[in-house]
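> The structure follows.
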Amino acid sequence: MFCRQCEQTAKGTGCTFQGVCGKDDRTAALQDLLIYALKGVAVWGEKARQLGIKDEILNRFIPEALFTTITNVNFNPDLISSLIKEAYDHKERIKQKFLVEYRKKHGKDYNDAVPSAAEWTPKDSIDELIEQSRKIGFLDHTNLDDDIRSLREILLYGMKGMAAYDSHARILGYTNEEVSEFFYNGLTALQDDTLTADDLITLIMEFGKVNLKCLETLDKAHTGTFGNPIPTKVSLGKKKGPAIIVSGHDLLDLKMLLEQTKGKGINIYTHGEMLPAHAYPELKKYEHLVGHFGTAWQNQQKEFDNQAAILMTTNCIQNPHDSYKENIFTTGLVAWPGVTHISEDETGKKNFEKIIETCINLKGFEEEQGKEITVGFAHNTVLNIANQVIDAVKSGAVKHFFLIGGCDGAKPGRNYYTQLAEKVPNNAIILTLACGKFRFNTLDFGEIEGIPRLLDCGQCNDAYSAIVIATELAKAFNCNVNELPLSIILSWYEQKAVCILLTLLSLGIMNIKIGPSLPAFISPNILKVLVEKFNLAQISTAEEDVKNAMR
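One gets my numbering by counting positions in the sequence shown from 1 and adding 1 to each.
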C-alpha cells in the first residue's frame, strides 16, 4: 500500500500499512486497480470518440468510479471489486465498438500499440485482484521521474475531485460535454510516457479551466432544481422528537428523504457540508428541516453517538463506532462494510423506509436551545447587493476581503483558521465555503453598513460562487482579480480541494495560501514552479498572514 492523496497522509509522506482515513491495505489495493482499469477504459473510449462514438453509459460510469476512490467515500472491497469488473466489461464493449468502426472507416484492422491497461483482464476473486494490483501500484513504478509522477498525481487527484462534481450534476440531469471528454483525455495522458513536465503542466492548466465549467454546471444543476440560495437563519439547537441526521453533499437525497418523512413527526437535521441546504427554497420549504447538527466530518465518531438515525450521502464517512453502527445508513457512492446501504431503483428513486423505521425506534433528541447562524450568500445573493458592497469599498468602510475556506480535518494546526478569522480586522469581509467554515462560523462577526462580515457561500463546489463574486467585483472596479483587495487562504484535505485549487491557478489567480501542510504529492521542483509562477505559499501564522494581507 502507498497512498498520499490526502492532507493527513502518514508522516506527511504517505500511508503504507493503514490509511489515516481508515482505509485498509486491501481497499487501497483495489482502488489502485480500479484506477488502472479506468485508464484502460479511457484509452478505447478516447479512440472511439475520435471516430464519433460517444457512449453515455461510459460518460457516467467513469466519473462515478473515480469518485469512489476519493478519500472517505467507499471502503467496501466487494463493491470496489465489482466496479473493477464492470470497468473491464465497459472496456471490452467500447473497444469492440471502436474496432468495428475503425475497420469500416479504414478498410483494415486496428493494429497500433496501446498501453497495458487497455489490454488488461481482471482475475475472479478479490484476493487475486489484490495480487494483480501489486504490479500496477505506486511502488511498482519506482523508475518514474519524481516530477512526472508528481504531475500525474496532481492531474489524477484533480480529476477525482471533478468526478465528484460531475456526478452530482448528472444525478440532477445536468452534463457538460467538455467535462466528459476530459476524463478520457486526462486518464489516457496519465499513461503517455512521451509527455514532458511542460506538457503535463499545460494539460493541468487546461484541466483547471474545464473544472470551472464543471463547477458552473453543478451550480446550474443546484439552482435549476432547488432555486437560488437566499440568506437563511439556521438553528444549531435541537427539537424534541425522532431525528434523522443527513451528512455528505447530495441535495437530491435530502429532498427525497424530506418528501418521505413529511407528516411523520420526524425532524431532519443537516450535518457537515449539508448545511447550505437550508438556503435553497425547494428544501427550506419543508418545516421538518429544523436545523443543523454538529460540525465538520472529522468529528462524526463523537457526534454520531446519539439517539438519531444517520444518512451518509456521498463522501466523508469514517469507521462507524459500534454504538451507532446499526443506526447509520449509506447511499449513493459512499459505503462501509457492514453498514446498511440504500440503493436507487431503475428510475433513480430511493426508498428510505429502513432509516425511517430505525429513527422511529430510537429515542431521538430532547429539546435544546442553540444559537443561529446565517447561510445562503451564493453569487446570486451577493451580486444583488453588489452596489452596496462597491459603495462600502469606495467609502473606505470595507478595506479588504478574505476568502477563508476549504476542507476541515483532524490534523493539528487547523486552529490556525479560527485564529485567522478572529484576527481579520473589523473593516474586512470574510467569504467562506466548504466544511472549513466550521472552525469559525459560530463566531459573531457583525456587519459593515448592513453587510454581514461573514458571507457563507455554500459547499466546497460553491467555490464557483466565490469565483463569480471576485470576477464581478473586478469588473466593477475595472481591474483584474489579482488587483482586488482580496486574500485567498485555503484549507485542504482531499481531492476536491485539489481541483478547486487548479481552477484558481488556471484563472491566473496569484498569492494563494494553502495549509495546514503542503501536499505530499507535490515534488520540490513542481512546488518551485508553482511558487515562481503563482506565488503559491503555505500558511504561516494567523497574525503574520493577516498583517501581510492588509498592507
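Even glycine gets a Cβ: it sits at the ideal position worked out from N, Cα and C.
Predicted model only: the values in this text are computed from it and were never measured.
Can you tell me where the alpha helix (DSSP H) with residue 107 in it begins and where it stops?
Unbroken alpha helix (DSSP H) run through residue 107: 78 to 107.
> Do residue 423 and residue 7 have their C-beta atoms closer together than 9 Å?
Contact flag unset, no.
> For the putative contact between residue 377 and residue 280, defined by C-beta atoms under 8 Å, what is the C-beta separation to the nearest angstrom?
Right, their Cβ atoms sit about 3 Å apart.
> Which complete alpha helix (DSSP H) runs does the segment 108 to 170 hold, if anything under 4 residues is left out?
You should have 127 to 134.
> Flag this pair as yes or no: are the beta carbons of residue 278 and residue 410 separated by less than 9 Å?
For residue 278 and residue 410, no; Cβs fall outside 9 Å.
> Whole angstroms are fine: how far does the CA of residue 401 sit from the CA of residue 344?
For residue 344 and residue 401, the distance between alpha carbons rounds to 47 Å.
> Residues in the same chain with beta-carbon distance under 8 Å from residue 176, minus the five sequence neighbours each way, listed in chain order, please.
Same-chain partners within the cutoff: 60, 167, 170, 218.
> What residue range is occupied by the uninterrupted alpha helix (DSSP H) comprising residue 516?
Counting along the chain, residue 516 falls outside any alpha helix (DSSP H), though it belongs to the beta strand (DSSP E) covering 514 to 516.
> In terms of DSSP beta bridges, what is residue 245 paired with?
Paired residues: 269, 310.
> Could you name the residues that DSSP lists as bridge partners for residue 26?
According to DSSP, which records beta bridges pairwise, residue 26 is partnered with nothing at all.
> If I follow the unbroken beta strand (DSSP E) through residue 341, where does it start and stop?
Run containing residue 341: 341 to 343, per the beta strand (DSSP E) assignment.
> Suppose you measure from the CA of residue 191 to the CA of residue 44; what does that come to, to the nearest Å?
If I take the Cα positions, the gap works out to 10 Å.
> Take the Cβ of residue 105 as the centre, count every other Cβ of all protein chains shown within 10 Å, and call the residue buried at 16 or more, exposed below.
Label assigned to residue 105: exposed.
> What distance in whole Å lies between the Cβ atoms of residue 429 and residue 408, which are believed to be in contact at a cut-off of 8 Å?
So it is not a contact: roughly 23 Å between Cβ atoms.
> Span of the beta strand (DSSP E) holding residue 208?
Where residue 208 is concerned, there is no enclosing beta strand (DSSP E), although the alpha helix (DSSP H) it sits in stretches over 198 to 227.
> In the DSSP assignment, find the beta strand (DSSP E) that holds residue 254 and state where it starts and stops.
Where residue 254 is concerned, there is no enclosing beta strand (DSSP E), although the alpha helix (DSSP H) it sits in stretches over 252 to 262.
> Taking contact to mean 3 or more Cβ pairs, one atom from each stretch, closer than 8 Å, check whether the segment 113 to 127 and the segment 482 to 490 are in contact.
They do not touch, by the three-pair rule.
> Among 391, 418, 233, 349, which one has its Cα closest to the Cα of residue 493?
The option with the nearest alpha carbon to residue 493 is 418.
> What does residue 366 pair with, by DSSP beta-bridge criteria?
242, per the DSSP bridge assignment.
> With a threshold of 7 Å on Cβ separation, who are the neighbours of residue 322 within its own chain once the five nearest residues in sequence on each side are excluded?
Hits under 7 Å: 302, 306.
> Which residues does DSSP list as the beta-bridge partners of residue 236?
Answer by DSSP bridge pairing, in chain order: 373.
> Would you kindly check if the distance between the Cβ of residue 56 and the Cβ of residue 95 is under 9 Å?
Contact flag set, yes.
> Determine contact between the segment 243 to 256 and the segment 184 to 201, defined as no fewer than three beta-carbon pairs at a distance below 8 Å.
The segment 243 to 256 is not in contact with the segment 184 to 201.
> Does DSSP put residue 187 in a helix, in a strand, or in coil?
It is helical.
> Identify the continuous alpha helix (DSSP H) that holds residue 489 and give its terminal residues.
Segment 487 to 492 is the beta strand (DSSP E) holding residue 489; no alpha helix (DSSP H) there.
> Can you name the start and end residues of the beta strand (DSSP E) that residue 505 belongs to?
It is not in any beta strand (DSSP E) - residue 505 instead sits in the alpha helix (DSSP H) that spans 496 to 507.
> With distances taken from CA atoms, which of 63, 470, 101 is nearest residue 189?
Closest by alpha carbon: 63.
> From 514, 68, 414, pick the residue whose C-alpha is nearest to that of residue 1; which is it?
The requested residue 1 is not part of the displayed model; the chain covers only 2 to 552.
> Taking a contact to mean a Cβ-Cβ separation below 9 Å, would you say residue 77 touches residue 28 in this structure?
Closer than 9 Å, so yes.
> Starting from residue 546, follow the beta strand (DSSP E) in both directions and report where the run begins and ends.
It is not in any beta strand (DSSP E) - residue 546 instead sits in the alpha helix (DSSP H) that spans 543 to 550.
> Are the CB atoms of residue 535 and residue 511 nearer to each other than 9 Å?
Contact flag set, yes.
> Classify residue 145 as buried or exposed, calling it buried when 16 or more other Cβ atoms lie within 10 Å of its own Cβ.
It is exposed - the Cβ of residue 145 has fewer than 16 other Cβ atoms within 10 Å.
> Pick from 372, 459, 317, 488: whose alpha carbon is nearest that of residue 23?
Checked all of 372, 459, 317, 488; the closest Cα to residue 23 is 317.
> Closer than 8 Å is the cut-off here; do at least three beta carbon pairs connect the segment 225 to 242 with the segment 180 to 189?
No contact exists between the segment 225 to 242 and the segment 180 to 189.
> Nearest-angstrom Cα distance between residue 427 and residue 450?
In a straight line, the C-alpha of residue 427 is about 12 Å away from that of residue 450.
> Residue 33 and residue 126 look like a contact to me (Cβ under 8 Å); what is the Cβ gap, rounded to whole Å?
Their Cβ separation, rounded to whole angstroms, is 17 Å, which puts residue 33 and residue 126 out of contact at 8 Å.
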